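Numbering-wise (this note's numbering), the sequence shown opens with residue 24 and increments by one.
From the three backbone atoms N, C-alpha and C, an ideal C-beta is built for every residue, glycine too.
All values derive from a computational prediction rather than experimental measurement.
Working notes, structure below.
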Amino acid sequence: MAANIVLPRHMRVGAGASQELAAVLQQLGVNHPFIVTDQDMVKFGYLEKVTRVLDEAGIPYAVFADTVPDPTVASVDKGVEALKQRDHDGVVALGGGSPMDSAKAIAHLALHGGRMRDYKAPVMSDTQGLPLVAIPTTAGTGSEATRFTVITDEETDEKMLCPGASFCPIAALVDYELTLTMPRRLTADTGVDTLTHALEAYVSAKRNPFADGMAQMTMTAVAKHLRTACNEPDNREAREAMMLAALHGGMAFSNASVCMVHGMSRPIGAFFHVPHGLSNAMLLPAVTAFSIEAAPDRYADAARFMGVATADDSNEAACQKLLQELRQLNTDLDVPSPRDYGIDEARYFEVLPTMAEQALASGSPGNNPRVPTADEIVEVYKQAWDGRG
Numbered sequence: 024m025a026a027n028i029v030l031p032r033h034m035r036v037g038a039g040a041s042q043e044l045a046a047v048l049q050q051l052g053v054n055h056p057f058i059v060t061d062q063d064m065v066k067f068g069y070l071e072k073v074t075r076v077l078d079e080a081g082i083p084y085a086v087f088a089d090t091v092p093d094p095t096v097a098s099v100d101k102g103v104e105a106l107k108q109r110d111h112d113g114v115v116a117l118g119g120g121s122p123m124d125s126a127k128a129i130a131h132l133a134l135h136g137g138r139m140r141d142y143k144a145p146v147m148s149d150t151q152g153l154p155l156v157a158i159p160t161t162a163g164t165g166s167e168a169t170r171f172t173v174i175t176d177e178e179t180d181e182k183m184l185c186p187g188a189s190f191c192p193i194a195a196l197v198d199y200e201l202t203l204t205m206p207r208r209l210t211a212d213t214g215v216d217t218l219t220h221a222l223e224a225y226v227s228a229k230r231n232p233f234a235d236g237m238a239q240m241t242m243t244a245v246a247k248h249l250r251t252a253c254n255e256p257d258n259r260e261a262r263e264a265m266m267l268a269a270l271h272g273g274m275a276f277s278n279a280s281v282c283m284v285h286g287m288s289r290p291i292g293a294f295f296h297v298p299h300g301l302s303n304a305m306l307l308p309a310v311t312a313f314s315i316e317a318a319p320d321r322y323a324d325a326a327r328f329m330g331v332a333t334a335d336d337s338n339e340a341a342c343q344k345l346l347q348e349l350r351q352l353n354t355d356l357d358v359p360s361p362r363d364y365g366i367d368e369a370r371y372f373e374v375l376p377t378m379a380e381q382a383l384a385s386g387s388p389g390n391n392p393r394v395p396t397a398d399e400i401v402e403v404y405k406q407a408w409d410g411r412g
């Protein structure tokens, strides 16, 4: 069966790519862009770097800098309202995962209307919204190349996965120089997020040869460069490699889908406001341990891609080496368990059944090599609580 591959139509990749925004907008016929970002991008000068290019090209624009971490229905609706104040014909996303998700939702709703809940999985939104140009400033989400957005319904504390080609940017400007000032914690969390994208795409029930190739490159690069990027933040080789890994990882999971880690991660973010990459990192070893028996050949491949196992190792030995590496990576990157992060223990265990239901409802665990029941998801959450998984 043929795989349906969806990618941005235009990509500029490399140092200084973000400075080509004006040329890309002109190529797309966008004359009045609406820039979606956050206050950090304003504070640290990233927005000014982008708008200066537009000013020099004489392109008028407006800025919406009120996106929030784990974007909500209300924050997206606010952005749509601001966009409609003027005659905007395209959207530019600048920032990490939250501005990206916000911009995708805003570009879609501005053209198609309705509420974000109307577009929640399993609904597939394939009709293009306003043209969207993505400029990522973190090396992790890969959102600049994916056909998903995740928006929190604050009334139900549910992170809604909204899929479809409509949410894939039409253009991506991937400039690793924008990541040189990322702090260690953010570098680590987004880096493990990238690894999770690749590993889950590779073992997903929806995997395909295209996604496999992207996933392999991603796992190899993360294993080689993530620790260096964290420990040597000015190392341009490592920063560039991690930015490319994030892009390739995004291409991998967007065209193969994620699995159980992401399904379980979203509720942790919704209930306890844990950043997405960090919640993935908290869960990755425990979920891999749960899943590995159902796809030992694929997980063994992953160990070999990452250089922690060789062709001479049996699949069983390679799988054990993979688990050891995932746990060691969390240790080396100071990834806290939910307990060590400071999540209230009573509240965590109280909402486990609800989190398990939401994880299953997202559909992602259904792609897992070992498809879990709600009770099994609760048990993995328990194992992850103190890191013993």
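Are residue i and residue j closer than 7 Å when you measure CB to CB?
| i | j | result |
| --- | --- | --- |
| methionine 242 | phenylalanine 328 | yes |
| leucine 227 | alanine 275 | Note that residue 227 is serine in the sequence shown here, rather than leucine. No; because the gap between Cβ atoms is not below 7 Å, this pair is not in contact. |
| leucine 203 | arginine 289 | no |
| proline 319 | alanine 195 | no |
| glycine 163 | alanine 269 | yes |
| aspartate 124 | alanine 188 | no |
| alanine 40 | aspartate 198 | yes |
| arginine 393 | alanine 341 | no |
| cysteine 282 | asparagine 353 | no |
| glycine 120 | serine 166 | yes |
| valine 374 | phenylalanine 294 | yes |
| threonine 169 | alanine 128 | no |
| phenylalanine 233 | isoleucine 28 | yes |
| tyrosine 225 | arginine 321 | yes |
| alanine 309 | valine 403 | yes |
| proline 388 | glycine 292 | no |
| threonine 219 | leucine 307 | yes |
| glutamate 200 | alanine 38 | yes |
| valine 331 | lysine 344 | yes |
| asparagine 254 | alanine 26 | no |
| alanine 397 | leucine 383 | yes |
Along the alpha helix (DSSP H) that carries residue i, what are the first and last residues, could you check?
| i | result |
| --- | --- |
| glycine 39 | Run containing glycine 39: none; DSSP gives neither H nor E here. |
| glutamate 372 | Reading the sequence as shown, one finds phenylalanine at residue 372 and not glutamate. Unbroken alpha helix (DSSP H) run through phenylalanine 372: 368-373. |
| valine 146 | Valine 146 -> no alpha helix (DSSP H), and no H or E assigned at all. |
| alanine 25 | Note, alanine 25: premise wrong, no alpha helix (DSSP H); not H, not E. |
| lysine 344 | 338-355 |
| methionine 329 | It is not in any alpha helix (DSSP H) - methionine 329 carries neither H nor E in the DSSP assignment. |
| glutamate 200 | Neither: glutamate 200 is in no alpha helix (DSSP H) and is coded neither H nor E. |
| tyrosine 404 | 397-408 |
| histidine 271 | 259-277 |
| arginine 250 | 232-254 |
| methionine 64 | 62-66 |
| serine 314 | 299-314 |
| serine 288 | 283-295 |
| aspartate 78 | 69-80 |
| proline 361 | 361-364 |
| alanine 46 | 44-51 |
| tyrosine 225 | 207-226 |
Looking only at DSSP bridge pairs, what is residue i linked to?
| i | result |
| --- | --- |
| glycine 118 | Pro159 |
| histidine 33 | Ala194 |
| glycine 113 | Pro56 |
| threonine 95 | Thr175 |
Following the continuous beta strand (DSSP E) through residue i, name the residue where it begins and the one where it ends.
| i | result |
| --- | --- |
| methionine 183 | 181-186 |
| aspartate 176 | 171-176 |
| alanine 85 | 85-87 |
Looking only at its own chain, which residues have a Cβ that is under 8 Å from the Cβ of residue i, when we skip the five neighbours before and after it?
| i | result |
| --- | --- |
| tyrosine 84 | His55, Pro56, Phe57, Ile58, Thr74, Leu77 and Val115 |
| histidine 33 | Val47, Gln50, Leu51, Ile193, Ala194 and Ala195 |
| leucine 346 | Pro308, Thr311, Ala312 and Ile315 |
| lysine 95 | The question names lysine, but residue 95 in the sequence shown is threonine. Excluding positions up to five away in sequence, the list reads Ile174, Thr175, Asp176 and Glu177. |
| methionine 13 | This structure does not reach residue 13, given that the chain is present from 24 up to 412, and the question cannot be answered. |
How about residue i: is its C-beta nearer than 7 Å to some C-beta of chain C?
| i | result |
| --- | --- |
| lysine 344 | Checking the listed chains, one finds no chain C in this structure; it contains a single protein chain. |
Skipping 5 residues on each side, what residues in its chain have a beta carbon closer than 6 Å to that of residue i?
| i | result |
| --- | --- |
| proline 154 | Leu51, Val53, Gly113 and Ile193 |
| threonine 60 | Leu70, Ala88, Leu117, Gly118 and Pro122 |
| glutamine 381 | Glu181 and Pro290 |
| tryptophan 408 | Pro361 and Arg362 |
| leucine 184 | Ala144, Val173 and Ser385 |
| methionine 240 | His271 |
| valine 103 | Ile129, Leu132 and Ala133 |
| glutamine 151 | Ser189 |
| threonine 333 | none |
| alanine 105 | Phe87 |
| glycine 273 | Gly165, Ala168 and Thr169 |
| alanine 264 | Ala244 and His248 |
| glutamate 207 | A small fix is needed here, since residue 207 is arginine in this sequence, not glutamate. Excluding sequence neighbours, arginine 207 sits near Cys253. |
Within its chain, find whatever has a CB closer than 7 Å to the CB of residue i; leave out the 5 residues flanking it on each side and keep chain order.
| i | result |
| --- | --- |
| threonine 251 | Asn258 and Ala261 |
| alanine 126 | Val59, Val114, Ala116 and Leu155 |
| isoleucine 366 | Phe295 |
Tell me whether residue i, by its Cβ, gets closer than 6 Å to a heavy atom of the ligand MG.
| i | result |
| --- | --- |
| aspartate 78 | Summarising the ligand content, the structure contains no ligands, and the ligand MG is consequently not present. |
Segment contact, 8 Å Cβ cut-off, at least three pairs: the region 298-308 with the region 208-227
The region 298-308 vs the region 208-227: in contact.
Touching or not, the region 169-183 and the region 127-140, by the rule of three or more beta carbon pairs under 8 Å?
yes
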